[in-house]
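Trainee:
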Amino acid sequence: MSTRPRSLLPIWLLGLSALVLLTLGQVAIGSTGRSTWAEALQAVGGVLGWGDPLPGADQAIHELRLWRALCASLAGAALAISGVYLQGLFRNPLAAPGVLGVSAGATLGATLAILLVGGYGPELLLEGTRSWTPYALSFCSFLGAVATVALVLSIARGPGRSDAATLILVGVAVNATLGGIFVAIQALVLDDWAVAQAMLAWNFGTLRDREPYHVGMILVGLIPALLVIPRAAFALDLFAGGDTDARRLGVSTRSMRWMVVAVASGATACAVSAVGAIGFIGLVVPHITRSLVGSGHARLLPASALVGALLLPTLDLLQLGLMGRAVLPPGALTALLGGPFFLFILLTQTRERSW
Amino acid sequence: MVDQGSSSAPRVHAKDLTFAYEPTTPVLSGVSLDLNGGEMLFVLGANGSGKTTLLHLLSGGLKPNGGSVQLAGEATELLAPRELARRMAVVPQSLDGVSGVHVLRFVMGGRYAHVPTWGSPSAEDEAAVQEALEQADASQFQDRMMGQLSSGQRQRVLLARALAQKAPTLLLDEPTNALDPEHQVAVLDLIQRQAQSGTAVLVVTHDLNLTSQYASRVLLLAGGRVAAQGSPEEVLRPEILTPVYGSRLWFGAFPDSGRPIVLPRGR
């Protein structure tokens, strides 16, 4: 291997083309039926202003599918890249965003907001009456995510400590607590079917009825995570030998840790506030990608984003193609397929894991 | 080697270093030392005498409870990690968690402080890595993973990474521990060449006989204090070592150089 990686350009082009095709496929195939590639192209062209949109409701249906597709791939990318960041920083293959409580916190934040929207709290937010209600929901979800990470990190004595075992145990405890609160709240509002269903959607994610602002929200978290790759990649490589070693080589470990935790939680929080909690992507995709491009973060970070962007839409499309409609929420899909797949990786990996 | 800072100030100047992990049991008390360019200072001491702690204090990994460390006249704690890494390279005794890292990429880690914050390694950095690998006799396994190396090979790769840092000061924690005799002298020859070209070298070790042959100066720690300091001939003497290491030592001399030999004596 050379430290100057051989050109991955062909693979990137292949991956990005696959992503475009996948997106078009998702625009063409939906729970309301299939349309042709030409129709899908025309619909996308209509959105971009490159041509005439499809007539009437057809365009609206295809646009919904497009937002669904973009949400799936961008959220997949965001969750995957967060996973790589956190695993590298904490030198632990289990340090997925879910373990740090980002997802649970985001879910709880959204749940509390739904409670208010649903009329269970002081009338801060009223259902459907204000145009900013959905934005406020996402914002509360984001706050919940950030607050939870802050809580987990401060209990585990701040990110100044990279004692991964402590951190993961704290994460497990906080996750369990938040999960308990979530179930308790859900039990209390089961009478109100609409509210209970909205909460469930946050817990296993949803790609239904997504709008452009959902796509934008994921990008708000994803773009910084992509932008800091050149700043963080080399330093993350050095964290493998521990904090002391990284500092001796010149890494400002404290500020680097804050930056990485911030962009990783930010990307996850934004993704979760747009599509709800979708597990396993942040855990499984980094492992898959590591086996493809190695453990150097300069390649691993962007490649994971691409693999994540391909994986979630693929699962979604498979479900639509096989069953004709989206029966399962995306979080259930990733758990059903990701869990066993992760076990498979663990059992077949005979070499020492190179994380 | 580029000399940094004022030429009159020693490369490393530690004054009255005091450190305790727990307030009641000081590990180091009032340790002072100067390290100059071109010098090989060997730090000796029994287990628990504070050698490794001293290394951590000198390299900025620990903050002293009292006293100060200066690099070329500047206080260590005022230097940013990058600046510190450009001035001082540390070879740790061992390193966990890197077994999945490619040797070449591992050694490139030594260039971190030279690569621009938003940049990636340049051709110059790659050349420095190759040069360091060759110097440390480690280029033949540059394509392997760290986990596939023997402990001796690992030690040489650790050394190569420190050399790639091209820092004017080099601190080594028991660099010959895992090495066979041939590689022990090979590594120390290499470190000596670095010193001869102007690098300030500090070696923490238990090996009294390598100390005798390579040290330009010896510092003996006992109970967290400097028990003796001087040339190998001045320090490696029965009346100085016996209080520190006990009486089960045999003292002799190399026939050619007359330098002292100290061996543990079995029953």
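Order-wise, the sequence lines are chains P and F. Reminder that position 346 of the first sequence reads as 345 in numbering that gives the first Met the number 0, one-by-one numbering, no gaps. Reminder that position 139 of the second sequence reads as 138 in numbering that gives the first Met the number 0, one-by-one numbering, no gaps. We put the CB at the ideal spot given by N, CA and C, even for glycine.
Sorted by chain position, which residues of the same chain lie with C-beta nearer than 6 Å to Val169 of chain P's C-beta, five sequence neighbours on each side aside?
Mentor: The sequence position of residue 169 of chain P within the first sequence is 170, counting from 1. Answer for Val169 of chain P: Val151, Ile154 and Ala155, listed in chain order.
Trainee: Just the Cα atoms here: how many angstroms apart are Pro301 of chain P and Ile228 of chain P?
Mentor: As a first step, residue 301 of chain P is located in the first sequence; it is residue number 302 there, counting from the start. As a first step, residue 228 of chain P is located in the first sequence; it is residue number 229 there, counting from the start. Between Pro301 of chain P and Ile228 of chain P, the C-alpha separation is close to 8 Å.
Trainee: From Val306 of chain P to Leu335 of chain P, what does the alpha carbon distance come to, in whole angstroms?
Mentor: Sequence index remark: in the first sequence, residue 306 of chain P carries index 307 (1-based). Sequence index remark: in the first sequence, residue 335 of chain P carries index 336 (1-based). Answer to the nearest angstrom: the Cα atoms are 18 Å apart.
Trainee: Is Val26 of chain F helix, strand or coil when you go by DSSP?
Mentor: Within the second sequence, residue 26 of chain F is the residue found at index 27, counting from 1. Val26 of chain F: strand per DSSP, three-state reduction.
Trainee: Rounding to the nearest angstrom, what Cα-Cα distance links Pro91 of chain F and Ala195 of chain P in this structure?
Mentor: Here residue 91 of chain F refers to the residue found at position 92 of the second sequence. Here residue 195 of chain P refers to the residue found at position 196 of the first sequence. Rounded to whole angstroms, Pro91 of chain F to Ala195 of chain P spans 56 Å at the Cα level.
Trainee: Using the C-alpha atoms, what's the distance from Leu316 of chain P back to Val326 of chain P?
Mentor: In the first sequence, the residue the question calls residue 326 of chain P occupies position 327. In the first sequence, the residue the question calls residue 316 of chain P occupies position 317. Roughly 12 Å between the two C-alpha positions.
Trainee: Are the beta-carbon atoms of Met216 of chain P and Ala146 of chain P separated by less than 7 Å?
Mentor: As a first step, residue 216 of chain P must be located in the first sequence, where it is residue number 217. As a first step, residue 146 of chain P must be located in the first sequence, where it is residue number 147. Not in contact: Met216 of chain P and Ala146 of chain P (Cβ atoms no closer than 7 Å).
Trainee: Measure from the alpha carbon of Leu111 of chain P to the alpha carbon of each residue in P:Phe138, P:Pro52, P:Gln86 and P:Pro96, then state which is nearest.
Mentor: As a working note, residue 111 of chain P is residue 112 in the first sequence. It is P:Phe138.
Trainee: For a cutoff of 7 Å on Cβ pairs, would you count Arg81 of chain F as touching chain P?
Mentor: One-based indexing of the second sequence puts residue 81 of chain F at position 82. Arg81 of chain F counts as touching chain P.
Trainee: Within 7 Å (strictly less), CB to CB, does Val13 of chain P reach chain F?
Mentor: Within the first sequence, numbered from 1, the residue matching residue 13 of chain P stands at position 14. For the sequence presented, residue 13 of chain P should be read as Leu rather than Val. No, Leu13 of chain P does not count as interfacial toward chain F.
Trainee: Leu56 of chain F lies in the alpha helix (DSSP H); which residues open and close that run?
Mentor: Reading the second sequence from its first residue, position 57 is the one you call residue 56 of chain F. Element bounds for Leu56 of chain F: Lys50 to Leu57.
Trainee: For a contact meaning CB atoms closer than 7 Å, what does Ala239 of chain P contact in chain F?
Mentor: To locate residue 239 of chain P, count along the first sequence from 1; it is residue 240. Within chain F, the residues near Ala239 of chain P are Gly96, Val97 and Val100.
Trainee: Name the two residues that bound the continuous beta strand (DSSP E) containing Asp172 of chain F.
Mentor: Here the question's residue 172 of chain F lines up with position 173 in the second sequence. Per DSSP, Asp172 of chain F is one residue of the beta strand (DSSP E) stretching across Thr168 to Asp172.
Trainee: Is the CB of Trp272 of chain F under 7 Å away from at least one CB in chain P?
Mentor: Outside the modelled stretch of chain F, which goes from 0 to 266, sits residue 272 of chain F, for which no answer is possible.
Trainee: Between the stretch 29–52 of chain F and chain P, which residues of the former have CB atoms less than 9 Å from a CB of the latter, in chain order?
Mentor: none
Trainee: Our contact map puts Val30 of chain F next to Ala13 of chain F with C-beta atoms below 8 Å; I'd like the distance itself, whole angstroms only.
Mentor: For the purposes of this step, residue 30 of chain F is taken as residue 31 along the second sequence, with counting starting at 1. For the purposes of this step, residue 13 of chain F is taken as residue 14 along the second sequence, with counting starting at 1. Their Cβ separation, rounded to whole angstroms, is 7 Å, which keeps Val30 of chain F and Ala13 of chain F in contact under 8 Å.
Trainee: Starting from Tyr212 of chain P, trace the alpha helix (DSSP H) in both directions and tell me its first and last residue.
Mentor: Counting from one through the first sequence, the residue named residue 212 of chain P turns up at place 213. It spans Pro211 to Leu226 - the alpha helix (DSSP H) in which Tyr212 of chain P sits, taken as one unbroken run.
Trainee: Starting from Ser16 of chain P, follow the alpha helix (DSSP H) in both directions and report where the run begins and ends.
Mentor: As a working mapping, residue 16 of chain P is identified with position 17 in the first sequence. Unbroken alpha helix (DSSP H) run through Ser16 of chain P: Leu8 to Ala27.
Trainee: For chain F, is any of its Cβ atoms less than 7 Å away from the one on Ser251 of chain P?
Mentor: Here residue 251 of chain P refers to the residue found at position 252 when the first sequence is read from its first residue. Answer yes: the Cβ-Cβ gap between Ser251 of chain P and chain F drops below 7 Å somewhere.
Trainee: Could you tell me which residues DSSP puts in a beta bridge with Pro259 of chain F?
Mentor: Taking the first residue of the second sequence as 1, we reach residue 259 of chain F at position 260. DSSP, once it has assigned bridges, lists F:Ala252 as partnering Pro259 of chain F.
Trainee: Find the nearest neighbour of Ser48 of chain F within the set F:Gly222, F:Met145 and F:Leu240, judged by alpha-carbon distance.
Mentor: Counted from its first residue, the second sequence places residue 48 of chain F at position 49. Cα-wise, what sits closest to Ser48 of chain F is F:Gly222.
Trainee: Going by the DSSP bridge assignment, what does Asp33 of chain F pair with across the sheet?
Mentor: Mapped onto the second sequence, residue 33 of chain F falls at position 34. Looking at the DSSP assignment, Asp33 of chain F forms a beta bridge with F:His12.
Trainee: Look at Val26 of chain P and Ala42 of chain P and say whether their C-beta atoms are less than 7 Å apart.
Mentor: Position 27 of the first sequence, counted from the start, is the residue given in the question as residue 26 of chain P. Position 43 of the first sequence, counted from the start, is the residue given in the question as residue 42 of chain P. Taking 7 Å as the Cβ cut-off, Val26 of chain P and Ala42 of chain P qualify as a contacting pair.
Trainee: Looking only at its own chain, which residues have a Cβ that is under 8 Å from the Cβ of Leu332 of chain P, when we skip the five neighbours before and after it?
Mentor: Here the question's residue 332 of chain P lines up with position 333 in the first sequence. Within the same chain, Leu332 of chain P has close Cβ partners Leu314, Asp315 and Gln318.
Trainee: Since I believe Ala84 of chain F is in contact with Ala166 of chain F (beta carbons under 8 Å), could you give me their beta-carbon distance rounded to a whole number of angstroms?
Mentor: Here the question's residue 166 of chain F lines up with position 167 in the second sequence. Here the question's residue 84 of chain F lines up with position 85 in the second sequence. Sure, about 7 Å apart at Cβ, within 8 Å.
Trainee: Can you have a look at Glu181 of chain F and say buried or exposed, based on whether 16 or more other CB atoms are within 10 angstroms of its CB?
Mentor: The residue given as residue 181 of chain F occupies position 182 in the second sequence. Burial call: exposed.
Trainee: Give the straight-line distance between the Cα atoms of Leu309 of chain P and Tyr20 of chain F, rounded to the nearest whole angstrom.
Mentor: Counting from 1 along the first sequence, the entry for residue 309 of chain P is found at position 310. Counting from 1 along the second sequence, the entry for residue 20 of chain F is found at position 21. Distance between the alpha carbons of Leu309 of chain P and Tyr20 of chain F is about 50 Å.
Trainee: Helix, strand or coil for Phe279 of chain P? Go by DSSP, reduced to three states.
Mentor: For the purposes of this step, residue 279 of chain P is taken as the residue at position 280 of the first sequence. Looking at Phe279 of chain P - three-state DSSP - the assignment turns out to be coil, as it is neither helix nor strand.
Trainee: Report yes if the C-beta distance between Arg10 of chain F and Gly37 of chain F is below 7 Å; otherwise report no.
Mentor: If you number the second sequence from 1, residue 10 of chain F lands on position 11. If you number the second sequence from 1, residue 37 of chain F lands on position 38. Cβ distance not < 7 Å, so Arg10 of chain F and Gly37 of chain F don't count as in contact.
Trainee: Here's the rule: buried if 16 or more other CB atoms are within 10 angstroms of the residue's CB, otherwise exposed. What is Ser246 of chain F?
Mentor: As a working note, residue 246 of chain F is residue 247 in the second sequence. Exposed.
Trainee: Evaluate Arg67 of chain P with the Cβ neighbour count: other Cβ atoms within 10 Å of its Cβ, from every protein chain shown; 16 or more gives buried, anything less gives exposed.
Mentor: By 1-based counting over the first sequence, the position of residue 67 of chain P is 68. With 16 or more other Cβ atoms within 10 Å, it is buried.
Trainee: At a CB-CB cut-off below 8 Å, which residues of chain F make contact with Pro229 of chain P?
Mentor: One-based indexing of the first sequence puts residue 229 of chain P at position 230. Near Pro229 of chain P (Cβ distances below 8 Å), the residues of chain F are Trp117, Gly118 and Ser119.
Trainee: Please report the residue range of the beta strand (DSSP E) in which Phe41 of chain F lies.
Mentor: Here residue 41 of chain F corresponds to residue number 42 of the second sequence, with the count starting at 1. Secondary structure note for Phe41 of chain F: its beta strand (DSSP E) is the uninterrupted segment Met39 to Gly44.
Trainee: Consult DSSP for Asn216 of chain F and reduce its assignment to one of helix, strand or coil.
Mentor: Residue numbering aside, residue 216 of chain F sits at position 217 when the second sequence is read from its first letter. Reading off the sequence, residue 216 of chain F comes out as Arg, not Asn. DSSP places Arg216 of chain F in strand when its eight states are reduced to three.
Trainee: In this structure, does DSSP put Gln134 of chain F in helix, strand or coil?
Mentor: What you label residue 134 of chain F is simply residue 135 of the second sequence in a count that begins at 1. Correct three-state label for Gln134 of chain F: helix.
Trainee: Output, in chain order, the set of chain F residues within a Cβ distance shorter than 7 Å of Asp190 of chain P.
Mentor: Along the first sequence, one-based indexing puts residue 190 of chain P at 191. Those do not exist, as Asp190 of chain P stays about 52 Å from chain F at its closest Cβ, beyond 7 Å.
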